[in-house]
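Asker: I have a structure I would like to understand better, so I am pasting it below and will then ask my questions one at a time.
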Amino acid sequence: KQEVTQIPAALSVPEGENLVLNCSFTDSAIYNLQWFRQDPGKGLTSLLLIQSSQREQTSGRLNASLDKSSGRSTLYIAASQPGDSATYLCAVNSNYQLIWGAGTKLIIKP
Amino acid sequence: DAGVIQSPRHEVTEMGQEVTLRCKPISGHDYLFWYRQTMMRGLELLIYFNNNVPIDDSGMPEDRFSAKMPNASFSTLKIQPSEPRDSAVYFCASSFSSGTRGETQYFGPGTRLLVL
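Structural data, given as structure tokens:
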């Protein structure tokens, strides 16, 4: 059974710092891995999607990597801004379903 | 496109009452998902449909929960009778295809349900 773990559960950093969020999964047989953002009281927004054949994806200040063999993904946020404050969730597409991590709550202090 | 639309946005009801949550997926999407999110259990998939047909309802907690998709533009999730432990945020999401080729899911804003 696929399980997805995100570490840390919460992170608070000063504005301007670069940071890394971690996601691990137990079964490497995946179609893709996605990173989502959730703002308080809102729905989820897809940030990046990495197909199983890819190693990384970039969008602006965000870079996501995927190491399928070790069951790990990282989300790198460069030059963090207060507007980046949100909960970031990792989801693995396994057996046609998304299996979700519990999320990392990120606070960027001005 | 207006995105995935859910109604109501908030629902407060008393234990034992019937609750119906509604979802309008993005036009053209052939997959529709119902999720539940709580602090304790995180985001859980309840059921998903492909071309209006339920494919996997193994996440539905019990017989009190039922979901229908009578047409490509409308789905409902019903709880009857509701219980306090059903209090959660319920999300509807839709996508084009199953996501195995890289299609992401688009989420609605959620319905915040409180059962007293």
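Taken in order, these protein sequences are the chains called A and B.
Per the numbering used here, the first sequence starts with residue 1, numbered consecutively.
Per the numbering used here, the second sequence starts with residue 1001, numbered consecutively.
C-beta: ideal position from N, C-alpha, C; glycine also.
If the cut is a Cβ gap below 7 Å, which residues of chain A does Phe1107(B) touch?
Answerer: Within 7 Å Cβ-Cβ: Gly43 and Leu44.
Asker: Since Pro1109(B) is in the beta strand (DSSP E), which residue starts that stretch and which ends it?
Answerer: Looking at the DSSP string, Pro1109(B) is not in any beta strand (DSSP E), and its letter there is neither H nor E.
Asker: With burial defined as no fewer than 16 other Cβ atoms inside 10 Å of the residue's Cβ, what is the status of Leu1116(B): buried or exposed?
Answerer: With fewer than 16 other Cβ atoms within 10 Å, it is exposed.
Asker: With 8 Å as the threshold, decide whether the Cβ of Leu1113(B) is near any Cβ in chain A.
Answerer: Chain A contact via Cβ: absent.
Asker: So, for Gln51(A): in the same chain, excluding its five sequence neighbours on each side, which residues have a beta-carbon less than 8 Å away from its beta-carbon?
Answerer: Answer for Gln51(A): Tyr31 and Asn32, listed in chain order.
Asker: Taking C-alpha atoms, which residue in Pro40(A), Asp27(A), Ala9(A) and Thr87(A) lies nearest to Asn95(A)?
Answerer: Measuring from the Cα of Asn95(A), the nearest candidate turns out to be Asp27(A).
Asker: Determine the DSSP secondary structure at Asp84(A), reduced to helix, strand or coil.
Answerer: DSSP places Asp84(A) in helix when its eight states are reduced to three.
Asker: Counting only the same chain and skipping the five closest in sequence on each side, list residues whose C-beta sits under 8 Å from that of Pro1054(B).
Answerer: Answer for Pro1054(B): Ile1047, Tyr1048, Ala1067 and Met1069, listed in chain order.
Asker: If you draw a straight line from the C-alpha of Leu49(A) to the C-alpha of Trp35(A), how long is it?
Answerer: Their backbone Cα atoms lie some 7 Å apart in a straight line.
Asker: Measure the C-alpha to C-alpha separation of Asn1052(B) and Ser1027(B) and round it to an integer number of angstroms.
Answerer: Rounded to whole angstroms, Asn1052(B) to Ser1027(B) spans 13 Å at the Cα level.
Asker: Let me know if Glu17(A) comes out buried or exposed under the rule of 16 or more other beta-carbons within 10 Å of its beta-carbon.
Answerer: Answer is exposed; the Cβ neighbour count stays below 16.
Asker: Starting from the beta carbon of Trp35(A), find every residue of chain C whose beta carbon is closer than 7 Å, and list them in chain order.
Answerer: The chain labelled as chain C is not found among the protein chains of the depicted structure, namely A and B.
Asker: According to DSSP, is Pro110(A) helix, strand or coil?
Answerer: Coil.
Asker: Under three-state DSSP, which class holds Arg1009(B)?
Answerer: If DSSP states are grouped into helix, strand and coil, Arg1009(B) belongs with coil.
Asker: Which residues in the same chain as Phe1065(B) place their Cβ atom closer than 6 Å to its Cβ, once the five residues preceding and following it in sequence are excluded?
Answerer: Result list for Phe1065(B): Ile1079, in chain order.
Asker: Taking just the CA atoms, how far does Thr104(A) sit from Pro8(A)?
Answerer: Those two C-alpha atoms are separated by around 6 Å.
Asker: For Asp1063(B), does the count of other Cβ atoms within 10 angstroms reach 16, so buried, or fall short, so exposed?
Answerer: Exposed is the call here.
Asker: When the distance is taken between beta carbons, is Leu1114(B) closer than 8 Å to Val1019(B)?
Answerer: No, the Cβ-Cβ distance between Val1019(B) and Leu1114(B) is not below 8 Å.
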